[in-house]
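Visitor: What follows is a single structure, and I will ask about it in a moment.
Number of protein chains: 4
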Amino acid sequence: MVTMKAAIFVEPGRIVLDDKPIPEVGPLDALVRVTTTTICGTDIHILKGEYPVHRGLTVGHEPVGIIEKLGSAVVGYEEGQRVIAGAITPSGHSHASLAGCHAQDGCGTRHGWKPVGGWKFGNTIDGCQAEYVLVPDAMANLAPIPDGLTDEEVLMCPDIMSTGFGGAEKAGIRIGDTVAVFAQGPIGLCATAGARLKGATTIIAVDTVPERLAMARRMGADHVIDFQQTDPVREILQLTDGRGVDVAIEALGTQSTFESCLRVLRPGGTLSSLGVYFGDLRLPLGAFAAGLGDHTIVTTLCPGGKERMRRLMAVVASARVDLKPLVTHRFRLDDIERAYDLFGHQRDGVVKVAIIP
Amino acid sequence: MVTMKAAIFVEPGRIVLDDKPIPEVGPLDALVRVTTTTICGTDIHILKGEYPVHRGLTVGHEPVGIIEKLGSAVVGYEEGQRVIAGAITPSGHSHASLAGCHAQDGCGTRHGWKPVGGWKFGNTIDGCQAEYVLVPDAMANLAPIPDGLTDEEVLMCPDIMSTGFGGAEKAGIRIGDTVAVFAQGPIGLCATAGARLKGATTIIAVDTVPERLAMARRMGADHVIDFQQTDPVREILQLTDGRGVDVAIEALGTQSTFESCLRVLRPGGTLSSLGVYFGDLRLPLGAFAAGLGDHTIVTTLCPGGKERMRRLMAVVASARVDLKPLVTHRFRLDDIERAYDLFGHQRDGVVKVAIIP
Amino acid sequence: MVTMKAAIFVEPGRIVLDDKPIPEVGPLDALVRVTTTTICGTDIHILKGEYPVHRGLTVGHEPVGIIEKLGSAVVGYEEGQRVIAGAITPSGHSHASLAGCHAQDGCGTRHGWKPVGGWKFGNTIDGCQAEYVLVPDAMANLAPIPDGLTDEEVLMCPDIMSTGFGGAEKAGIRIGDTVAVFAQGPIGLCATAGARLKGATTIIAVDTVPERLAMARRMGADHVIDFQQTDPVREILQLTDGRGVDVAIEALGTQSTFESCLRVLRPGGTLSSLGVYFGDLRLPLGAFAAGLGDHTIVTTLCPGGKERMRRLMAVVASARVDLKPLVTHRFRLDDIERAYDLFGHQRDGVVKVAIIP
Amino acid sequence: MVTMKAAIFVEPGRIVLDDKPIPEVGPLDALVRVTTTTICGTDIHILKGEYPVHRGLTVGHEPVGIIEKLGSAVVGYEEGQRVIAGAITPSGHSHASLAGCHAQDGCGTRHGWKPVGGWKFGNTIDGCQAEYVLVPDAMANLAPIPDGLTDEEVLMCPDIMSTGFGGAEKAGIRIGDTVAVFAQGPIGLCATAGARLKGATTIIAVDTVPERLAMARRMGADHVIDFQQTDPVREILQLTDGRGVDVAIEALGTQSTFESCLRVLRPGGTLSSLGVYFGDLRLPLGAFAAGLGDHTIVTTLCPGGKERMRRLMAVVASARVDLKPLVTHRFRLDDIERAYDLFGHQRDGVVKVAIIP
């Protein structure tokens, strides 16, 4: 049996590199040889046992690679093509997917809708922190990489760019908007870049890590606030002359950031939530205007599918946004356990790591 | 000095009918002689002291009447015309109003946005449970009543029809949607009617008062659930074969109804909240899909202004919806204290009362 | 070789019933035994040679039937299930389809977008006026018929209901709108019904055939205009007191109806075009307000895919709209040439015919 | 009687500077002393008699100035404040304005909607190429200039920035879109800048004047096409690999540019039209996909009102876009006839002129 190296969830606290069989290719699948991948904040939650996955699963959901083998029913691609696939891999043919809600794809379920059902890699099927990854519904998910773009240049497309931009898009940001982005980790930084891309005029980024605040400025923030130096709610209200922001983006997943978003929102404004939460959330009566503020709260799970990936790679190719600085560290797949250690503890100013099998 | 009768908030627990001067008419105002008005659930909160207004204020925000006198700068109307004005009276010229968010009108504030600022009648200025009411920014707010419509036929337009329909509209209900409406008071009944008007295919109404459940069927509900007989969350999931609803409308203002809305919502669905809350709200982690369910939560304060009123009266004239059955009781203005007593205690199957000065 | 009966385009002027092999089932396909189908106005254009298709093609794109055989890669269905498929059969995995524009699906093309590419049945692949039809991308297209609905009740879903409703939906009809629908053939009648479903308050239907005008009233029209008795533009402007309509729907495909739509549109209004045109169109300078009227013109090709079909059958099941009266005549497949003759010449008050293999 | 200098339309071919009384200030008006204004392409059409206005009218609709005197009913402003007003001055209280369609404001008409009714300055009331201008409905229209911005920096806000950006906004440009902009006059250049602001990834600008093509690059175009050197339709289809653009913006007002927009549009794409036309338009059958291409055509008249102006000045203040290079020439009001001559003949690489009273 032919085997490959893969990063496997063994038990809470342990993701290890081990041998696994190279997967069989079904009629709608594609086998992709991974050339670059990365670690996501969600993977750290998996590692810690905070987000449950079954033992023995290969983790990782951000693949860049080369088509090794196509399923018998897959047309329109060639083996040897450089491709990416999104973290979310919709079937294209579920009810959710046909309704345009690809991330809640419930292919195989009775109704075709399943919460978070579109997230399969490293969640419900083997992921891509491995030498090979099997891409399901390949025709809906394989996105050829445009000539001239490197692996690292498109490495943010599968997840954080799609998620971060998605938060700006779903908020309906308009030309002239004032936008606050709470937390400037990889997702928040992409939300900052996305807000700029959508025409926000005044972007206020909140974090406390100096490298991240500096990076936020590179991504398009006009103001940065260190929440340990000053109260961001008061500061933002001051910056907006008491009016509040048109859009507040939550990019961490805590009560504190969620609530602060609501507190800085103008009447009629939109709170766009990107974080993964680990407890109930509270909507304070006053900040929520007793339900009378014409507020909108939207949540976004990473948009996926090959058309989304094509668009994001077009953004990269256009040089409108340069996300390369986000990749601060590089590791061989063989060293992935060290990469988890560094990334999980956010040491050494790490933003994103590249993993090269 | 010429005086009139008006229902005045004296202190928590006491709204009394008393004499007040007929107001002076400013250049942009219109004085309207009230011919019919009604009592709103919000007025009961004011009566109980749960929603604070200043002592001496005339309450009421749903006027039907006749133009008595126009301000010097008001053109396009004639004295003697039959008109209504919305519960929300936008200025038309504030930043909020020009942005289309009339209910958060902040005319007179620095920025032109103020939470709930569009609600003036019986809140920040004298209301219409009186013989006369002064309509501010008359050109933006006076809506002539089409020939052939009676006072009672248009009495629901200023508030509950606008609010209830608004909840259905802001939820973006589409043809073929399944919609649950929690609570079938006046607002909830109008939300039910609004959901039907927008093309919802399966409408599930929840309440416990038999008269209200029966009225819900008249307004367009396909299923009604008595929440004291059965668990509405379980019942709705069963009715939708486990899938959940596309849209859930909250029309009461409690944690329980809000939370139930979230629990019956499919991934990617919309919770449209109409209730006025009196405490913090909680978003349970699971029902909120940890923030990953592509959910939308929208709140709506009654849309106002003369164009909105014109549209709602057109709906009445078209006979698409018949809201007349909602008016279950009638009182003279002189008897308004009795009307408050009946309506406040929801006695005798009351839905809405008509008050005739 | 096993053969079946099929209505085949031979040459302009001739569609004949002939024998054809029953198709082979590919891995993603499903073979459906047709139990009921119908003839579309577009089929008449094909018959006349006005819309070109290749000779030997089986025509027809509105199938109701029973799954006979599933492709090897198709899961989630069972042979023997009663199903429909839309006239438009998106792949689900093309760029167009993943972008939600299923009707312009370009599966197999370089870019995944192709004008009218989603329309395959009786256009680019064999259609369903036959004993059997092969449904491509079965998992994206087969929609099980809810228990209790007859073939005829769902026969309008695949095309005219989807198209007609689509015209109302894409126009963004809002509660209180005034809508004019030009031409009350099957598509126009469904647009009238769709406008009502979306909350239009005043619906004005234009045609000249008395049966169609009568049917228009049943579908929800408030006013009907016989364009041979009166000038519909003048009449509509009169009915709207000079203001014009919020939305005008074109449902025929001629310069005259298109132009009339524009002439009755208020500033800021939307022209929703459903017709298939056979020549260049002209936008008269005045009616188009020299390009300064904030007008919107949208065109809609029949929305397809199983989620769309599910929603439309839900509308049928809800009894919100009763389209059964549209089926005025019934024929055996053996008599389809007579059916074409009757339908093509619009004799005997025909609206739609049911064809039963 | 106190008089002022004003540029007056005398007859086709003649706009002259002459004396006029300084206008009386009504209760809702404000008198503004003009400090800078400019000439618009539309003014040239007026000059030539192609767009009819009544003789004796003061032309010009792009005012920057200082509040000289406020009407008796105007609150929230102070005399001496630096302000701009949009080219379009909505009342705020008409039906059109309350519906958010400020440019079709019909204040004073029976229904409150009037084609192009929001455009008053230099069209239906005296304009701002004068020492003073009377701003109607001042509370809806006066927008204070943020500290630190010069007259010239905000001079493009009242019209071309609002119009050009409006074309990009109404087209619903999304991150990753490919956009073509036909004609790079002042409006087209602003449409190019607006497309960039909204997240377009590939922007293709078409013109033939070298200075304008160079300016287009500064405004954000990725590709420029000189239509006298090459066929822009063929070139754009080549650049997009045969797919066509997501959005095409027309910024001139001719059959040729309008038609080219349609020819380069992908199925499902949007044509956003900004030009003022002077004859009927033709939609070629093929380019319009016989009405089956799911195309959208939108037209936009310059959005106005103080909230719009506030947002645009915020864009200027943010330095996202630098429109100062568009002002290529400066004239004293006394020399306005020379300015018309230069601008009307597009001599000397002129893009926009500043006129200083």
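Listed in order, the protein sequences are those of chains A, B, C and D.
Residue 1 is where the first sequence starts when you use full-length UniProt numbering, and the numbers rise one by one after that.
Residue 1 is where the second sequence starts when you use full-length UniProt numbering, and the numbers rise one by one after that.
Residue 1 is where the third sequence starts when you use full-length UniProt numbering, and the numbers rise one by one after that.
Residue 1 is where the fourth sequence starts when you use full-length UniProt numbering, and the numbers rise one by one after that.
The beta carbon of each residue, even a glycine, is placed where N, CA and C say it ideally should be.
Against chain B, with Cβ distances strictly below 8 Å, would leucine 197/C count as a contact?
Guide: yes
Visitor: Please list the partners that cysteine 101/A has in chain B, where partner means a Cβ-to-Cβ separation under 8 Å.
Guide: Pro267, Gly268 and Asp294
Visitor: Flag this pair as touching only if the stretch 257-272 of chain D and the stretch 229-242 of chain D have three or more C-beta atom pairs under 8 Å; answer yes or no.
Guide: yes
Visitor: Following the continuous beta strand (DSSP E) through glutamate 250/D, name the residue where it begins and the one where it ends.
Guide: 245-250
Visitor: Only counting the same chain, and skipping five residues up and downstream in sequence, which positions put a Cβ closer than 8 Å to that of glycine 268/D?
Guide: Gly293, Asp294 and His295.
Visitor: Ordered along the chain, which non-local residues of its own chain (more than five positions away) have a Cβ less than 6 Å from that of proline 248/A?
Guide: The residue asked about is misnamed: residue 248/A is alanine in this sequence, not proline. Correct list, in chain order: Ala180, Cys261, Val264, Leu265 and Leu271.
Visitor: When the cut-off is 8 Å and only beta carbons count, does valine 116/C lie next to chain B?
Guide: no
Visitor: Pull the bridge partners of threonine 328/A from the DSSP assignment, please.
Guide: DSSP, once it has assigned bridges, lists no residue as partnering threonine 328/A.
Visitor: So, does the CB of aspartate 322/B fall closer than 8 Å to a CB anywhere in chain C?
Guide: no
Visitor: Inspect the CB distances between the stretch 75-95 of chain A and the stretch 135-152 of chain C and report whether three or more fall short of 8 Å.
Guide: yes
Visitor: Kindly say whether aspartate 147/D, judged by its beta-carbon, lies nearer than 8 Å to any beta-carbon of chain A.
Guide: no
Visitor: Whole angstroms are fine: how far does the CA of valine 316/B sit from the CA of valine 315/C?
Guide: 24 Å
Visitor: In the DSSP output, what is tyrosine 132/B paired with across the bridge?
Guide: Answer by DSSP bridge pairing, in chain order: Arg33/B.
Visitor: Output needed for methionine 309/C: all residues of its chain with C-beta closer than 6 Å, excluding positions within five of it in sequence on either side, in chain order.
Guide: Ile84, Gly86, Ala143 and Cys157
Visitor: Got a sec: is the Cβ-Cβ distance from proline 285/D to anything in chain C below 8 Å?
Guide: Reading off the sequence, residue 285/D comes out as leucine, not proline. At least one chain C Cβ lies under 8 Å of leucine 285/D.
Visitor: Which value, in whole angstroms, describes the spacing of the CA atoms of valine 321/C and histidine 45/B?
Guide: 41 Å
Visitor: Please report the Cβ distance between glycine 199/A and isoleucine 175/A, rounded to the nearest whole angstrom; I am assuming they are in contact, meaning their Cβ atoms lie under 8 Å.
Guide: 4 Å
Visitor: Listing by chain order, which chain B residues have their CB less than 9 Å from the CB of threonine 202/C?
Guide: Ala314, Ala317 and Ser318
Visitor: For aspartate 207/B, does the count of other Cβ atoms within 10 angstroms reach 16, so buried, or fall short, so exposed?
Guide: buried
Visitor: Could you name the residues of the same chain whose beta carbon sits closer than 8 Å to that of phenylalanine 288/C, not counting the 5 residues immediately before and after it, in chain order?
Guide: Leu262 and His295
Visitor: By DSSP, does lysine 5/C sit in helix, in strand, or in coil?
Guide: Looking at lysine 5/C - three-state DSSP - the assignment turns out to be strand.
Visitor: Can you list the residues of chain A that arginine 311/D reaches, using a CB-CB cut of under 9 Å?
Guide: Arg174, Ile175, Gly176, Asp177 and Thr201
Visitor: How would you call glutamate 11/B, buried or exposed, if buried means at least 16 neighbouring beta carbons within 10 angstroms?
Guide: Answer is exposed; the Cβ neighbour count stays below 16.
Visitor: Counting C-beta neighbours from all protein chains within 10 Å, is the total for isoleucine 339/C 16 or more, i.e. buried, or is it exposed?
Guide: For the sequence presented, residue 339/C should be read as alanine rather than isoleucine. Alanine 339/C comes out buried.
Visitor: Starting from the C-beta of valine 298/A, find all residues in its chain whose C-beta is less than 8 Å away, skip the five residues before and the five after it, and write them out in chain order.
Guide: Apart from sequence neighbours up to five positions away, the residues of its chain that approach valine 298/A with a beta-carbon distance below 8 Å are Lys170, Ala171, Thr270, Leu271, Ser272 and Ser273, ordered along the chain.
Visitor: At the 8 Å Cβ level, is threonine 230/A part of the contact set with chain B, yes or no?
Guide: no
Visitor: Is it buried or exposed for alanine 319/A, if we count other Cβ within 10 angstroms and need 16 for buried?
Guide: When all chains shown are included, alanine 319/A counts as exposed.
Visitor: For leucine 28/B, which residues in chain D fall below 7 Å Cβ to Cβ?
Guide: Ala73
Visitor: Anything in chain F within Cβ reach of isoleucine 356/D, meaning under 7 Å, just list it in chain order.
Guide: Among the protein chains of the structure shown, namely A, B, C and D, there is no chain F.
Visitor: Leucine 189/A and leucine 326/A - do their beta-carbons sit closer together than 8 Å?
Guide: yes
Visitor: Applying the 10 Å Cβ sphere with the 16-neighbour rule, what's the burial state of serine 97/D?
Guide: Buried.
Visitor: Indicate whether the contact test is met: 3 or more Cβ pairs, each with one atom in the stretch 1-21 of chain A and one in the stretch 40-56 of chain A, closer than 8 Å.
Guide: Touching, yes.
Visitor: Specify the secondary structure class of serine 256/B as computed by DSSP and reduced to three states.
Guide: helix
Visitor: Taking glycine 108/C as the reference, give the member of Cys101/C, Ala99/C, Gly118/C and Gly100/C with the closest Cα.
Guide: Taking glycine 108/C as reference, the option from Cys101/C, Ala99/C, Gly118/C and Gly100/C with the minimal CA-CA separation is Gly118/C.
Visitor: So which residues of chain C does arginine 110/D contact, with C-beta pairs closer than 9 Å?
Guide: The answer, in chain order, is Asp241, Gly242 and Arg243.
Visitor: Since I believe aspartate 126/A is in contact with threonine 58/A (beta carbons under 8 Å), could you give me their beta-carbon distance rounded to a whole number of angstroms?
Guide: 4 Å
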